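Notes follow the structure.
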């Protein structure tokens, strides 16, 4: 067989969807994994708690795993580790802050014990099996983010992680343009680059834009300021601290993840505040309103989060009042619009002043827009390009952007999760398939709930169910007991007439039918279905069970 | 009692929500209704087909009803008529096109027979009870839209309907600025003005912007052009026809509502095309690709619509192919983002070129932005202002806009559906309440499904149900039959072990318990709940029923 080096790129998650980012590289039999993220369920996945990439390939090939390399501390890049690591163990490489956030998650799932975490730094060279991996600095909406340059006999493979070319980031360093230029000169065989903003023209504004907007908010606000953002957006929290200090306000962190992330980031030095700036809520309550800032969770309208409960007037420790200014320093993740709008409406109902993206530029994206994507392509001048991290249309648009820059279509590989890319000295091609579908987490179950159960849930959510139970008297069917149970279909107190009609229909079926138990069940389901459709034009899930003494 | 005139404004729907617009005015005991719309269900209303305003007040006071005045032909302004009219009949006043669209709807619901429809024109004065109503022209995203100026002894009440100050509309006339200025001079006691875009700064672009974008699309496209928009957006369809004719293309209308609305609008003269421009699909199939345009439904990703099925490759008559250009000439209504994005992704998977708002300005809003809202307030100089038609935050922002223009807060009345405004020579105030909540349509049921049933559906959608049936042997409980039925909770083929465990738990409960039938059911539900929580950390709806021979 050929001894030519062969490189495989396995897009395990995040290709054709936003979230659950996971890419594996395979070389000389060894496998390295870049990111291990989760996704939050979409609206057609009722009852699902989390969505993981399908990591069966990693379980089956765990003897060949040389390590997990995590680009940054967002859950869609590391949140699957507590599920994946126990079944496919390998060392986890991450920068300090990212490692801190991973530890918080692993501890939550009681999986910290067995994990081997290794702290890395940009510029370092890490040998992992046949791979030499160099993390490089990128600017994103969380500090200490990196991309990875992986040395292979075919050239460098560059995975950008998530980035923007913010030249004036508020905390942390800008994306390392010099290093990327150097990679480009050395020779990049494949670039995998973040596609999230491939629909967006121009250049994503710098985080410093938010800084300016926040200063204007603080200047005007006469009462308390309550600001909600992602708990992981530590750069944003730092900015709020900085502006609070500038305007002589004290700040409290509210919400479970805001508090735990804040604590960890302070400990590691990724958040800094003057002594006395950060206070508990009790201490803040003693200050005049115009000296108070509360930084909290809930920017996505999550039902049990701090801001949502404040908006509903049910937060145990913070009661909003006229004079307060509430700032929503985030935009809704697609799918969350309704929840966010509901929270905004409820905030207005509390009589507070509400500022959000539609009114004031209090948020900027952490992802590169089209001109920046072009800059990345230009700097790294890759031989092959695989658009990463994005819904399918974003991958295609990112690919077309590369084409507009002169790359020929054969060098651009738009793949969805599970579609393997092979590269050797003959070229690159889509070849082979690994599992790329979803693994659902529901309660304590991982992977047991699939499309079949979701179909039942969707059906139940539309019209509920109707179940008929018959205790058959084999001698005198007219004397049989018939009971109906229904939920989610009709309002029972007002549907007694219909229920009685359905019961009678079952009874008369019993008397006229000669069928045995199984046949009877089928007949009952059919008859009830006809009647319910006729009376209600609804399609509940209908079940029948027949018992008999014999 | 006082013989002073008293005016009541009853916001029956659309105040604090988008859709189901309905406002009643009450004077000298007479009631006139402006708009009678429906709303599409939000994501927490599973299984609901349509959402109506609560029209109980109209039913109870039908002897005092003098008429329904409909501002324009969108369903959120007239779609509730087929439900409301039979129970609270009164003449329906509408302009020609609006009347045509109402007739289509009434016919669908077999309610056209009893309805009394009266065609009106801008500038006409209609006497209805004590009200003199004058429709005035407004520009919106559908032709033949009007607002209403209602003469009362206290001054004019102006309801804007939905409008923008488009000075170069593509079809129809611009909003009648002169008439509005005249009303302002005559004296407006109350202005009710559309708040949909109260979050948006500046001036909504003219529909002619879309015209320019479409021309560029047609110039570039080498194959077929498939364009999706709202079937009711007849102005947009007209534009597409115009551009098609300019570029020597023929056009087909695809999708049930696109075809029926198109037919009606052609008949009434609100759509016009040269002979031979509009063709059936069979005729289009015979033409070269670069002479074909298809104008279809599905711009919101609705699951069974034309565009969605084309994107999935399941449309019976249109199969997409590389070379086609698909244009999405609409933006997602909040809540529809996921569906629209899914359709876009599927279109890209078909290999076609896809153009949409993020890439090309192929859509503009039909609603006035903040500078236009200010113009309306300035022109009409109302004594009192009631922000209409919008989610709560939009109403508040619209109210604040009036305040910024110098209106004192006591003259601005932000109300939600159901909160009555009373105006007399003493002033205006919120006083009284009418039903303002939702009426759900589900199948053939109107109003029978309420919050209780929806709560069950939401619960079922999360974890399904588990139902235990016991046929009790009163002499030997160990010999009782126990059966479990479950859906939407676990994947049954893999949960046999758990099911058997649950069954055994019920059996051993039977043997240990001395409780009678009702007590037993309660104990079973509790025990199963504990076990399921422990094993799965899921919370299905749990039911138990016990039968016994005695």
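Protein chains in written order, with the numbering used here: chain P, 1 to 550; chain H, 551 to 1100. Glycine included, every Cβ here is placed at the ideal spot set by N, Cα and C. Quantities reported herein were computed from a predicted structural model and do not represent experimental measurements.
For the C-beta of residue 1013 of chain H, the chain P residues within less than 7 Å are, from N- to C-terminus, 47.
Contact between residue 42 of chain P and residue 417 of chain P is ruled out by a C-beta separation of about 14 Å, above the 8 Å threshold. Along the stretch 736-752 of chain H, the positions whose C-beta sits under 9 Å from a C-beta of chain P are 749, 750 and 751, read in chain order. For residue 435 of chain P, the three-state secondary structure derived from DSSP is coil. Residue 573 of chain H is bridged by DSSP to H:561 and H:584. By a beta-carbon distance limit of 8 Å, residue 992 of chain H contacts residue 599 of chain H. Their separation comes to about 6 Å. Inter-segment contact for the stretch 396-405 of chain P and the stretch 371-379 of chain P is present: three or more beta-carbon pairs are separated by less than 8 Å. In summary, the residues of the stretch 481-494 of chain P whose CB is separated from some CB of chain H by less than 7 Å are 481, 483, 485, 487, 488, 490, 491 and 494, in the order they occur in the chain. Contact of residue 895 of chain H with chain P by beta-carbon distance below 8 Å involves 16, 391, 392 and 393.
One Cα belongs to residue 674 of chain H, the other to residue 685 of chain H, and the distance between them is close to 7 Å.
Residues of chain H with a Cβ closer than 8 Å to the Cβ of residue 341 of chain P are, in chain order, 884, 941 and 943. In the structure shown, residue 184 of chain P adopts helical secondary structure according to DSSP, grouped into three states. Contact between the stretch 572-583 of chain H and the stretch 698-713 of chain H is present, with at least three C-beta pairs closer than 8 Å.
In the DSSP assignment, residue 429 of chain P forms a beta bridge with P:422. What residue 1095 of chain H touches in chain P, judged by beta-carbon distance under 8 Å, is 469, 483 and 485, going in chain order. Using a Cβ-Cβ cut-off of 9 Å, residue 898 of chain H counts as an interface residue toward chain P, since at least one Cβ of chain P sits closer than that to its own.
Bounds of the alpha helix (DSSP H) holding residue 218 of chain P are 208-220. Using a Cβ-Cβ cut-off of 7 Å, residue 538 of chain P is close to 992 and 993 of chain H, given in chain order. In this structure, residue 775 of chain H sits near residue 799 of chain H, with a CB-CB distance shorter than 9 Å. The beta carbon of residue 201 of chain P lies closer than 7 Å to those of 369 and 370 in the same chain, with the five residues before and after it left out. Scanning chain P for C-beta atoms nearer than 8 Å to the C-beta of residue 878 of chain H yields nothing, as the closest lies near 11 Å away. Assigned with DSSP and collapsed to three states, residue 387 of chain P falls in strand. The beta carbon of residue 836 of chain H sits no closer than 9 Å to any beta carbon of chain P. When only Cα atoms are considered, residue 797 of chain H and residue 763 of chain H end up about 14 Å apart.
DSSP, reduced to helix, strand and coil, places residue 650 of chain H within a helical segment of the structure shown. Residues of chain P whose Cβ lies closer than 9 Å to the Cβ of residue 1000 of chain H are, in chain order, 491.
Of the candidates P:112, P:160 and P:65, P:65 places its Cα closest to the Cα of residue 128 of chain P. Straight-line measurement puts the Cα of residue 624 of chain H at about 18 Å from the Cα of residue 720 of chain H. For residue 855 of chain H, not one C-beta of chain P is nearer than 9 Å to its own C-beta.
Chain-order list of chain P residues neighbouring residue 1091 of chain H: 487, by C-beta distance under 8 Å. Between the stretch 787-795 of chain H and the stretch 818-829 of chain H there are three or more inter-stretch CB-CB distances shorter than 8 Å, so the stretches are counted as touching. For residue 800 of chain H, the enclosing beta strand (DSSP E) stretches over residues 800-804. According to DSSP, residue pairing for residue 778 of chain H in a beta bridge involves H:846 and H:878. If you compare the alpha carbons of P:256, P:387 and P:137 with that of residue 415 of chain P, the shortest gap goes to P:387.
At a beta-carbon threshold of 8 Å, the residues of chain P lying near residue 908 of chain H are 199 and 200, ordered along the chain. The count of Cβ pairs closer than 8 Å, one atom from the stretch 845-860 of chain H and one from the stretch 880-896 of chain H, reaches three, so the stretches are in contact.
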